[in-house]
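The next block holds one structure in the form of structure tokens; read it before the comments.
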Amino acid sequence: KSCFGNPLAPQALEDVKMVVWKNTTDGVQDNGLTLNGFLFLNTLFIQRGRHETTWTILRRFGYDDELELTDDYLHPQFRVPPGCSTELNHLGYQFLQRLFEKHDKDQDGALSPTELQNFFSVFPCVPWGAELYNTVCTTDKGLLSLHGFLCQWTLLAYLDVRHCLECLGFLGYPILSEQDSQTQALTVTREKRIDLEKGQTQRNVFLCKVLGARGAGKSAFLQAFLGRSLAAQRENPGEPSLYVINTVQVNGQEKYLILYEVSADLKFVKPSDAACDVACFIYDLSNPRSFSYCASIYKQHYMDSQIPCVFVASKTDLPEASQQPGLSPAEFCYKHCLPPPLLFSCHGQGPPSTTIYTKLATAATFPHLNAVELGAASFWLRVALGTVVTALVGFTLYRVLAKNK
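Numbering follows UniProt numbering, in which position 89 of the sequence shown is assigned residue number 89; successive positions increment by one, without gaps.
So this is what it looks like as structure tokens:
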């Protein structure tokens with residue numbers, strides 16, 4: 001056995017526990033040291049002049065001479081090449097699930113505000129704000145479920161890997177998981193360009209940017225992904241969030257889909273403003289001017305890209321207006337080899353349908369198929385032309401062979 005990187009004989013370990021047991025009333029429990037026992041042992045080391053032992057323990061947990069966690073510990077070297085993304089791996093999810101279950105004191109499958117506060121008690125400050133409850137799924141009582149908890153960590157790992165590494169460091173991942181650093185809890189995905197070349201991806205987390213004019217229903221669309229109808233959103237509005245994340249099934253596999261609401265005022269000054277795995281253009285079916293914004297953004301920033309694009313007609317419970325000016329949404333999509341607009345409404349009493357979100361995740365998972373799958377009209381036209389050419393060649397060969405006979 002070893003203790004903080006140093007060898008420890010079994011008898012020496014028993015002697016340590018015996019000393020603590022004799023001098024404290026609650027220092028030993030379940031054949032291990034309690035917090036009080038651990039503190040007593042370190043006090044004893046200091047009193048006996050063995051300061052180096054206590055410093056060894058502190059440094060093993062990442063502290064420096066000022067008793068601050070070192071930058072090397074909180075931010076280990078972690079390279080993410082351009083075109084790649086970051087995800088939690090099974091080690092990261094297992095670690096976080098164990099901590100969730102440890103802090104779920106009443107074992108109701110959710111963390112109450114008090115339990116969540118205790119979870120972050122080792123942090124300088126709580127890293128999540130009130131918008132958390134409009135970012136992930138919650139229980140019927142509005143508490144953070146395990147599913148929502150893991151979704152939030154997935155979002156953090158994808159959007160801000162440096163902060164994610166820092167948070168895992170505060171939670172003691174390297175020590176508790178017996179790993180070199182918290183980078184072991186994360187995976188860097190393959191470059192997206194290679195995924196497109198090979199026609200397959202190993203990614204499990206995808207980003208969808210939701211674009212549309214002001215009032216098109218983007219916020220409602222995001223909250224519907226969390227299973228909230230318009231009535232539920234109005235009843236408990238909460239702190240708004242530009243991001244939501246949930247899971248969907250794509251060909252029998254669970255994928256995380258992140259929706260990001262893009263402001264209608266965004267100017268798209270750099271390529272990253274448009275970059276994503278799939279773009280969702282949402283327009284108000286009842287507003288005659290709503291679609292023109294989507295058409296303009298698509299033609300300026302997405303028409304010549306390899307990003308899959310999906311158009312969504314929202315507020316389908318209202319009377320449809322003729323979109324002005326230019327082509328109708330269906331004609332526009334047909335012209336640009338896109339699927340016809342999908343219909344969406346969250347005005348019903350029950351949870352909104354998840355069909356659209358599954359289609360968005362599927363488009364992101366298989367972007368190389370979109371030229372065929374999403375451009376269905378052009379695809380079947382090519383099939384028809386191919387059939388005609390084959391028939392003509394076959395008929396010509398038949399006539400030649402018949403003539404030779």
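Note that beta-carbon positions come from the ideal geometry of N, C-alpha and C, so glycine has one too.
Query                                                                                                         : Result
Three-way DSSP call (helix, strand, coil) for C84 in this model                                               : coil
Helix, strand or coil at Q47 [DSSP, three-state]                                                              : helix
Touch test, the segment 182-195 against the segment 341-355, Cβ-Cβ under 8 Å, three pairs minimum             : no
Whether I258 touches G217 by CB criterion (8 Å)                                                               : no
Distance, C164 Cα to L343 Cα                                                                                  : 37 Å
DSSP beta-bridge partners of L33                                                                              : V28
Alpha helix (DSSP H) segment containing I307, residue limits                                                  : That residue, I307, is in no alpha helix (DSSP H); it is neither H nor E in DSSP.
Cβ-Cβ separation, E178 to V210 (assumed contact under 8 Å), whole Å                                           : Wrong, their Cβ atoms sit about 41 Å apart, outside the cutoff.
Spatial distance of A274 from H301 (CA atoms)                                                                 : 7 Å
Beta-carbon proximity list for V16, same chain, < 6 Å, skipping 5 on both sides                               : none
Collapsed DSSP secondary structure at V16 in the structure displayed                                          : helix
Beta-bridge partners of E261, as assigned by DSSP                                                             : V210
Distance between F40 and M18 (C-alpha atoms, nearest Å)                                                       : 12 Å
Other residues of its chain near N204: CB distance less than 7 Å, five sequence neighbours each side excluded : E87, K255, Y256
Per-residue burial, P341 [other beta carbons within 10 Å of its own, 16 or more giving buried]                : buried
Residue-chain proximity (P174, chain B), Cβ-Cβ < 8 Å                                                          : Protein chain content of the structure displayed is limited to a single chain, and chain B is not contained in it.
Whether Y243 touches L150 by CB criterion (8 Å)                                                               : no
Nearest residue (CA-CA) to T139, options F119, S112, V122, A9                                                 : S112
Residue(s) in a DSSP beta bridge with Q253                                                                    : V250
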